[in-house]
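Worksheet for the structure shown next.
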Amino acid sequence: GENVEQHPSTLSVQEGDSAVIKCTYSDSASNYFPWYKQELGKGPQLIIDIRSNVGEKKDQRIAVTLNKTAKHFSLHITETQPEDSAVYFCAAMGKLTFGQGTILTVHP
Amino acid sequence: NAGVTQTPKFQVLKTGQSMTLQCAQDMNHNSMYWYRQDPGMGLRLIYYSASEGTTDKGEVPNGYNVSRLNKREFSLRLESAAPSQTSVYFCASSRLNTEAFFGQGTRLTVV
Chain A
-13 GENVEQHPST LSVQEGDSAV IKCTYSDSAS NYFPWYKQEL GKGPQLIIDI
37 RSNVGEKKDQ RIAVTLNKTA KHFSLHITET QPEDSAVYFC AAMGKLTFGQ
87 GTILTVHP
Chain B
24 NAGVTQTPKF QVLKTGQSMT LQCAQDMNHN SMYWYRQDPG MGLRLIYYSA
74 SEGTTDKGEV PNGYNVSRLN KREFSLRLES AAPSQTSVYF CASSRLNTEA
124 FFGQGTRLTV V
C-alpha cells in the first residue's frame, strides 16, 4: 500500500524565519498531495494542496513543490509567525495516507 | 452546514466491551475514512470507503469493522475493545482527489 514519510518530526524556528517540511511517497499512482495543519484538540484542516500536473503552488506565505519523478513534495512557510505553531501533516491520495507529522514551533 | 459530525466526543470502555463510533457528512462526498491518531504516530488509516456499499482496509484494520450505511454515514465498530485501542479517532470525507474534511474526533479510553 501507499507509504508516506515526513521529516523532520520537530522543527523550531525564530519568528520571521522560513520553515521547510519534506515528504516522500511510494505509490506512483498518487496524484493529489494535500497539506494539513492540526491545532490542539481539533481535527486537521487543509492549508494547501497540489496535483500531479503542477510542480509548484503558492498561497501567500505558504508554498508547496512537487517532484513526481523523485516522488517527493515539500511545504515552505516564509515569514513564520507564532500562530503558525501547530502540527503539520503531508498526505498522498490514493487512499489518503498521511505522513507522521511535524511539530512546528515558532518562537517570538 | 455541519460538515462531518462524529459521535460521541468522549468514551470510556472496559476491556472486552463493544461500541460503535458514528460519522455522518452532509457534503454529498463519495469517499469516507476512519483514522486513529496516537502520540508520535500521525494519522493512521483504519478503513476507507470509496463509495456507498464499498469498504477497504487501511493500514491498521485489525480489531475494527465498518459499515457504509448510505452515502452520508460511515460507522466504525469495536467488537471487543482492548487497551491498545485507546486513541483519538477521526472520521473524514472527500470527493476524489480533493480536500478531505475532518470531524472533531472521538477520544476513546479503554481500561
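Note that the protein sequences, when read in sequence, are chains A and B.
The first sequence runs -13 to 94 under our numbering.
The second sequence runs 24 to 134 under our numbering.
The C-beta atom is built at its ideal place from N, Cα and C for all residues, glycine as well.
Closer than 6 Å by C-beta to Y56 (chain B): which residues in its own chain qualify, once you throw out the five before and the five after it? Chain order, please. Y71 and A115
Tell me whether D49 (chain B) sits in a helix, a strand or coil according to DSSP, three-state version. coil
Do we get a CB-CB distance below 8 Å when we pair T83 (chain A) with the residues of chain C? No chain C is part of this structure, whose protein chains are labelled A and B.
Below-8 Å beta-carbon distance, Y56 (chain B) vs any chain A residue: yes
With L92 (chain B) as the anchor, note down where its beta strand (DSSP E) starts and where it stops. Segment: none, L92 (chain B) is in no beta strand (DSSP E) and carries neither H nor E.
Beta-carbon spacing of G39 (chain B), F84 (chain A) below 8 Å: no
Checking the sheet assignment: what are the DSSP bridge partners for R118 (chain B)? Partner(s): none; R118 (chain B) has no beta bridge.
Could you give the first and the last residue of the continuous beta strand (DSSP E) run that contains S60 (chain A)? H58 to I63
E42 (chain A) in three-state terms, based on DSSP: strand
Over the uninterrupted beta strand (DSSP E) stretch that includes M55 (chain B), give me the two end residues. S54 to D61
For chain A, find out if any of its Cβ atoms is closer than 8 Å to the Cβ of A25 (chain B); answer yes or no. no
According to DSSP, residues forming a beta bridge with G65 (chain B): B:D61
Are the beta-carbon atoms belonging to Q60 (chain B) and T129 (chain B) less than 8 Å from one another? no
For P106 (chain B), collect the residues of the same chain with a Cβ closer than 8 Å to its Cβ; drop the 5 residues on either side in sequence, then sort them by chain order. T38, V133 and V134
Any C-beta of chain A under 8 Å from that of E122 (chain B): yes
Taking 7 Å as the limit between beta carbons, can you name the residues of its chain near D16 (chain A), skipping five residues before and five after? Asp is not the amino acid found at residue 16 (chain A); the sequence shown has Ser there. Excluding residues within five positions, the ones whose Cβ falls inside 7 Å are E(-12), A78, M79 and G80.
Go ahead and label L90 (chain A) buried or exposed: buried means 16 or more other beta carbons lie within 10 angstroms of its beta carbon, across all protein chains shown. buried
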